[in-house]
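Numbering (the numbering used here), first residue to last: 47 to 174.
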């Protein structure tokens, strides 16, 4: 049987591993936490951030999308998705995500930064 306290234990273990740079092991711990509470946005967020650090952008976006199921207007998560999209060279999608974040929170501190970055990279893309 799994208990709610297990969630915090796995989260704390994963967080400690992440801080030690043991990112793959941290993700495994976060997965254990998600077995306890599959919809926990806090766990999905840190798992997404860890995937982002590992340059596993699709997995990061997947994790962030789980957060948006519960909190569809979470601008920090939307901006994290934009960040991953920029890293993947998907600038038009990143621009759309930044604009979405700014519609929700016009004062968001990072959305304009990533929006400008995506626009600059889109203009200098060898594909355009």
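Here a beta-carbon is modelled for each residue, glycine too, at the ideal position from N, C-alpha and C.
DSSP three-state call for residue 163: helix, strand or coil?
Reduced to three states, the DSSP call for residue 163 is helix.
Nearest CA to the CA of residue 134: which residue from 67, 167, 65?
Ranking the options by Cα distance to residue 134, first place goes to 167.
Which value, in whole angstroms, describes the spacing of the CA atoms of residue 93 and residue 106?
Distance between the alpha carbons of residue 93 and residue 106 is about 7 Å.
Since residue 72 and residue 91 are thought to touch, with beta carbons under 8 Å apart, how far apart are those beta carbons, to the nearest angstrom?
At roughly 13 Å, the Cβ-Cβ gap does not stay under 8 Å, so residue 72 and residue 91 are not in contact.
Under a Cβ-count criterion, where at least 16 other Cβ atoms within 10 Å of its own Cβ denotes burial, should residue 60 be classed as buried or exposed?
Buried, because 16 or more other Cβ atoms sit within 10 Å of the Cβ of residue 60.
According to the Cβ coordinates, are residue 184 and residue 123 closer than 8 Å?
This structure cannot speak to residue 184, because the chain is shown only from 47 to 174.
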